[in-house]
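J.:
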Amino acid sequence: MEKTPTPNREIIMAEIDRSNLPLPEPKFTGKIGKTYQDSKSAWPELPKPPKGAPNVLLILLDDVGFGQVSTFGGPVPTSALDKLAKEGLRYTRFHTTAICGPSRAALITGRNHHNCGTGFLSEYATGFPSYNNMIPQSTASIGRILKENGYATSWFGKNHNTPDWESSIAGPFDRWPTGMGFDYFYGFISGETHQYYPVLFENTVAVEPDKSPEEGYHFMEDMTDRAINWIRYSKSVSPDKPFLCYFAPGAAHAPHHAPTKWRDKFKGQFDDGWEKVREATYKRQLEMGIIPEGTELTEKPEWVQDWDGLSANEKKLFARFMENFAGYLSYADSECGRLIDAVKGLPDADNTIIIYIVGDNGASSEGGFTGTVNEVMNLNGVPSTIEDNLEIYDDIGGPDTEPHYPLGWAWCGNAPFQWVKQVASHFGGTRNPMVISWPRSITDHGGIRPQFTHLIDIVPTILDAADIPAPDTVNGVEQKPMDGVSIISTFASADAHAVRDRQYFEVFSNRAIYDQGWIACAQHTFPWRQDYAPGKWEEDNWELYNIDEDFSEAKNLAKEHPEKVEELKKLWDGEAEKYSVYPLDDRGAGRLTEPKPSPGGADPDRTEFTYYAGAYRLAETAAPNTKNRSHTIIAEIDNGDGKAEGVIVAAGGMSAGFSLYVKDGKPVYHYNYFEKERTSVVSKKALPKGKSKIELAFAYDGGGLGKGGEAVLMIDGEEVARERVENTVAGRFGVDTFGVGGDNGSPVSNEYKPPFLFTGGKIERVDIKLAPKDLSESEEDELKERYLAFAQHIE
């Protein structure tokens, strides 16, 4: 058999039309005869990027304001970001959408968030194409584009772009990271997760951490280790194959989970309060050239309390919340630094673009006026007191807490701008720091770039750097044009021509339009009160700023230039039509509770469920909702020789939930009401050997939401225990999940260590039956508001 000489691969790949993906299958260049003796073999050429295509490390932090990191004048030291900025460029007029999911969709597709179906969050999805949160195939992700062009692609950390109703292990998986073109995914699907007990998936399979919090586990370190290993392994096997690593920590979104040594580093550093910390940030920003000379610090709004007017206990607690947040953010940056150092150790490190985006929106005010140590409890409408929180002062940030700081620190963290996360009308919601390093191409080390840029510009920039065109079709689907533009022209000079003259903004009817130095904006809803939505868009007060002269939006010129306001409002309307922003929708609970698709045709009013052992990590929204109604749980158990032990079924976790388990030979039902009240119903009889039925019957009091009830435990129809549960959870247990055969994640009960798998016997099946809901119209409305409060926080 003759061997065909290896063709010049670079010539072959250079001739390929990359505008349609996947790339065409190469022609066979050998010869096929009657036998191998008169044939010539030839291997097909696999997709390969253009020569010189760079590696890409794309880092995106969560819920970090413009004025929080030291690299941009903030009070939180971020040494890794500082170092990267000295080697690269700082962008001081870079923008996000003001909220999580939409920002992330814009980042990975290069299209405006409405244009890729993500006008708002999946929890609030409606049946309109721009708001259904089903990223269409016509807006292929950067993962898909680069993978089809021969890149290795991965995604670590947060994914809030999979629709809520598709987020269980039942799929479908088309809009999971691996379905959107990323070879590998390791992270969480929802808007937030517990950092010590994360709800993790590897690709599409639920997995658990390999150690406990007591053994030093923290998800930030875990995901960094995984990313480093993936990059090194990829380069070891295919050193010439470039990679895209999308690294998206949950930090610094709540719950703010900082290891002890990190939060303790900041003791006493925020005792002066948010006004003085903000003022100090503003002065550093001026000194560092982050903001231009003459920039004003915008005034404190009426919704921020005077620090000097707080009590001594409030000051102590609120300062501790900020110390903890600072520790969390600084720790996250340190882990990003570990990843960056690993990338710098690669042989082709000089041809690696590192894009470090500090936040998907401005700092979050969702901790409300007083902050919290149990965000789930607060979001269910059960307040905590300053005294309650001070009792666990030293534990704030640890595994047994779920903290979020007060909104005063969010306002402080967005210095010098107005407003906060969710408010897309103002820069406090949309202006975020960005640093870019590319040793091979960026020589202005430590430079500042003032060009107006946006998340949608990142994909075109990466494609430009790799010399890969935006595809016309992907898998036969015609692609929408990129809305973003490459910003590579800014790498060489701070005086480079503006790359973006116009950009619209809209989230929850908060809206703005930027055009050639001017911006008109209308603030419509409050982040901490999304029920404040009058539905009177025509009555919104439009403001006007010339940001070429007024960097911080401090001088409203609407009265001086009413004609300019009208001109820009018409321009906004044109952009809204172009990018499918309409219909505007400022509903809160109504939008949240609008029926969502049910995969497999499941009945949303279903009241009978059957599960089997191993049904782990089912999202709470996809699990039986036992709240505010009577219900029964019947477990068929084979206890074998009488040594069975472990969790039969559990829902929720440390913040709140229930668990039915066997311990010391006896069945136990445990109800956790936000750790304020714990009720254990312990059988007076041991579980018999062999097969039996354990039944938990919960008789709900009725008469409203979150009321109490009687919990009766039975074995084979015989009552073996009964206890009164005084209060129950009305809205959500939290971000933890439902499972049969173990309690994965944080434990519902403090009487066992997770996952407390069921061993020594067998769970044949678990049947759950729900009584029909019997809620009045007002109770249904109240329930909607409780769910709304929870959903608006986990963005």
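Here the numbering used here is used: the first residue of the sequence shown is 4, the next is one more, and so on.
The beta-carbon is built from N, C-alpha and C at its ideal position, and this holds for glycine as well.
(1) Are there 16 or more other CB atoms within 10 angstroms of the CB of D344, so buried, or fewer, so exposed?
(2) Rounded to whole angstroms, what's the CA-CA distance from E580 to Y507? Just pull it up for me.
(3) Apart from the five residues just before and just after T731, which ones in its own chain have a Cβ nearer than 8 Å to its Cβ?
(4) Check S337 in the structure and name its three-state DSSP category.
(5) Going by the beta-carbon positions, is the gap between A155 and D186 smaller than 8 Å?
(6) Would you list the residues sitting across from N115 in a DSSP beta bridge?
(7) Whose C-beta lies closer than 8 Å to the C-beta of E18 among residues of the same chain, with five residues either side of it excluded?
(8) Touching or not, the stretch 68-76 and the stretch 407-423, by the rule of three or more beta carbon pairs under 8 Å?
(9) Quick check on this structure: which residue in I697, G371 and T456 has the alpha carbon closest to the alpha carbon of Q308?
(10) For P600, which residues from the same chain have a beta carbon less than 6 Å from its beta carbon, with the 5 sequence-adjacent residues on both sides left out?
(11) Sorted by chain position, which residues of the same chain lie with C-beta nearer than 6 Å to P201's C-beta, five sequence neighbours on each side aside?
(12) Put F176 into one of helix, strand or coil per three-state DSSP.
(13) Examine the Cβ distances between the stretch 30-42 and the stretch 74-86 and report whether three or more of them are shorter than 8 Å.
(14) Who are the Cβ neighbours of R323 in its own chain at under 8 Å, not counting the five residues just before and after it?
(15) Grab the span of the beta strand (DSSP E) containing D641 for me, first residue to last.
(16) To the nearest angstrom, report how far apart A101 and P52 are at their CA atoms.
(17) Short of 6 Å in beta carbon distance, which residues of its chain neighbour G362, apart from the five on each side in sequence? Order them along the chain.
(18) Which residue's Cα is closest to the Cα of A733: N383, Q40 and I111?
(19) Can you tell me whether K150 is buried or exposed? The criterion is at least 16 other CB atoms within 10 Å of its CB, across all chains shown.
(20) Counting C-beta neighbours from all protein chains within 10 Å, is the total for S22 16 or more, i.e. buried, or is it exposed?
(21) Rounded to whole angstroms, what's the CA-CA distance from D20 to R93? Just pull it up for me.
(22) Sort F420, D467, P175 and S658 by Cα distance to H304 and report the nearest one.
(23) Can you look up G312 in the DSSP assignment and give me helix, strand or coil?
(24) Assign E18 to one of three DSSP states: helix, strand, or coil.
(25) The beta strand (DSSP E) spanning M437 covers which residue range?
(26) What does DSSP give as the partner residues of S662 in its beta bridges?
(27) Would you decide whether D739 is buried or exposed? Buried here means 16 or more other CB atoms lie within 10 Å of its CB.
(28) Per DSSP, what kind of secondary structure is S695 in: helix, strand or coil?
(29) Based on the DSSP secondary-structure assignment, which residues constitute the bridge partners of M717?
(30) What is the DSSP secondary structure of G432, counted as helix, strand or coil?
(31) Are the stretch 757-775 and the stretch 637-655 in contact at 8 Å, needing three or more beta carbon pairs?
(32) Cα separation between R229 and G538?
(33) Taking the alpha carbon of I389 as the reference point, which residue from S337, N316 and K244 has its own alpha carbon closest?
(34) Could you tell me which of A616, A654 and E205 sits nearest to P627, measuring between CA atoms?
(35) Check R96 in the structure and name its three-state DSSP category.
(36) Taking the beta carbon of L49 as the centre, do at least 16 other beta carbons fall within 10 Å, making it buried, or is it exposed?
T.: The relevant details are as follows:
(1) exposed
(2) 11 Å
(3) Hits under 8 Å: K630, N631, Y674, Y676, Y703, G709, K710, G711 and G712.
(4) helix
(5) yes
(6) According to DSSP, which records beta bridges pairwise, N115 is partnered with nothing at all.
(7) none
(8) yes
(9) G371
(10) W168
(11) If you ignore the 5 residues before and after P201, its C-beta comes within less than 6 Å of the C-beta of F191 and F222, all in its own chain and listed in chain order.
(12) coil
(13) no
(14) So the list reads Y396 and I399, once near-sequence residues are dropped.
(15) H634 to D641
(16) Going by the C-alpha atoms only, they are around 34 Å apart.
(17) L64, V67 and N435
(18) N383
(19) buried
(20) exposed
(21) 35 Å
(22) Position check: residue 304 holds Pro in this sequence, whereas His was assumed. Selected option, being the one with the closest Cα: F420.
(23) Three-state result, G312: helix.
(24) coil
(25) M437 to S440 is the span of the beta strand (DSSP E), which, as asked, contains M437.
(26) When beta bridges are read from the DSSP output, S662 appears opposite A653 and H673.
(27) buried
(28) strand
(29) E698 and E722
(30) G432 falls in the helix class under three-state DSSP.
(31) yes
(32) For the pair R229 and G538, the Cα-to-Cα distance works out to about 47 Å.
(33) N316
(34) A654
(35) coil
(36) Exposed.
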